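In terms of UniProt numbering, the sequence shown opens at residue 1 and continues consecutively.
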Amino acid sequence: MDLGSQSTRELLRLYSGVLGELAERSVIRTLNAPAGDLAETLVATAYTGALAPNSEKSWDVSTGDGRLLQVKSRVVKASAIRKPIQFSVFRSWTFDAAVFVVFAAESYDVLAGIEVPAASVEAKALATGWVGGSRLTVSLAVLRALPGAVDRTFELQRAYERIDVAGATG
């Protein structure tokens, strides 16, 4: 399909249809931009966990061994992968670890997945009063070097392969 020949409205209708199909397959849970929902689904799949209810404030996935994970994601151009990445705000610290998932803007492939203990994230994040929480802006190299950090990229890529089946549902 030649996207350049489509009108803005046609592109948005196509995007809406794609989001609807991804929701039908249980890959995403809302019809917002899919990165956050996709990251949560991948983490739940990789950790054999369960997604939190949509209204849960502190964590996104509970693992089979009882840990609570906060999931943060970003979509970046592969050419910018070495630059600092700003993740969304943390408003509470009542989770065991955060899993940071970075997708390639060109393909939505998983470029990185890094699990970091909550205490290490909290120590590195900066309080941002106007958003009522703390923000973490770091390069992947710094993220991987935080105390207790574990690279989970391979596990998340394998989880993506497991859910990447036409018509599959969670």
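Cβ atoms here follow ideal geometry from the backbone N, Cα and C, with glycine treated the same way. All of these numbers come straight from a predicted model, not from anything done at the bench.
CA-CA distance, ARG29 to PRO147, rounds to 32 Å. Here the segment 108 to 128 lies against the segment 151 to 167, with 3 or more beta-carbon pairs under 8 Å apart. A direct Cα-Cα distance of roughly 8 Å separates ARG74 from PHE100.
PRO84 and ARG9 have their alpha carbons spaced roughly 34 Å apart. In the structure shown, ASP37 falls within a helical segment according to DSSP collapsed to helix, strand and coil. Under the three-state reduction of DSSP, ALA125 is assigned to coil, being neither helix nor strand. For PHE103, the enclosing beta strand (DSSP E) stretches over residues 97 to 104.
Selection PRO53, TRP130, LEU38 and LEU11 evaluated against ALA23 yields LEU38 as nearest (Cα-Cα).
Beta-carbon to beta-carbon, LEU69 and PHE95 are separated by about 6 Å, close enough to satisfy the 8 Å threshold.
At a Cβ-Cβ threshold of 7 Å, ALA104 and PRO117 do not count as neighbours.
Annotation: the segment 63 to 96 contains the following complete segments of the beta strand (DSSP E) (minimum length 3 residues), in chain order: 68 to 76.
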